[in-house]
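Following the working numbering from start to finish, the sequence shown increments by one per residue and tops out at 108.
For every residue, glycine included, the Cβ atom is placed at its ideal position computed from N, Cα and C.
Some notes on the structure that comes next.
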Amino acid sequence: MTSYEVLKNRLTNGRPFTVEAAVARITALADALEITQDQANELTALAQQYGSAAPQDTEARLQQLEAASLEHDAALIELAGQVAQLLTLAAPQTTTEAGGEA
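Laid out in structure tokens, this is it:
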């Protein structure tokens with residue numbers, strides 16, 4: 007896979023990134039002649055389409071990180087509940103010596 011293909015995949019796969027970080031990477035690849043100007047233009051357009059702007063102040067950045075952390079925690083709790091439910095369903099049923107369920 008070329009540098010262009012790798013970066014294009016990263017820009018379009020749904021993972022969060024800032025426009026500034028993407029443009030810096032695109033510029034570095036273009037400066038190193040690893041991608042053409044047309045590819046750089048395409049990647050920049052994708053970065054602007056899918057990227058987000060980083061908050062400029064520390065308080066806003068902390069709020070953004072805390073919100074992402076809460077979303078992550080909620081997803082983990084939901085996943086843990088699903089795993090517990092699957093384990094309950096997969097657990098072998100115990101029976102008494104008479105053949106009935108315990």
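Anticipated Cβ contact below 8 Å, residue i with residue j, distance rounded
| i | j | result |
| --- | --- | --- |
| SER58 | THR24 | 6 Å |
| TYR56 | THR94 | Wrong, their Cβ atoms sit about 40 Å apart, outside the cutoff. |
Within-9 Å CB hit, residue i to chain B
| i | result |
| --- | --- |
| LEU35 | Among the chains of the structure shown, chain B does not appear; only one protein chain is present. |
Collapsed DSSP secondary structure at residue i in the structure displayed
| i | result |
| --- | --- |
| THR50 | helix |
| THR97 | Residue 97 is actually Ala in this sequence, not Thr. Coil. |
| ASP63 | coil |
| ILE83 | helix |
Bridge partners - residue i, DSSP secondary structure assignment
| i | result |
| --- | --- |
| ARG24 | Reading the sequence as shown, one finds Thr at residue 24 and not Arg. DSSP output for THR24 lists SER58 as bridge partner(s). |
Rounded separation between residue i and residue j - CA only
| i | j | result |
| --- | --- | --- |
| LEU71 | GLY87 | 24 Å |
| ARG21 | SER75 | 15 Å |
| ARG16 | THR8 | 12 Å |
Residue burial classification, residue i (beta-carbon count within 10 angstroms, cutoff 16)
| i | result |
| --- | --- |
| LEU49 | buried |
| ALA46 | buried |
| ILE41 | buried |
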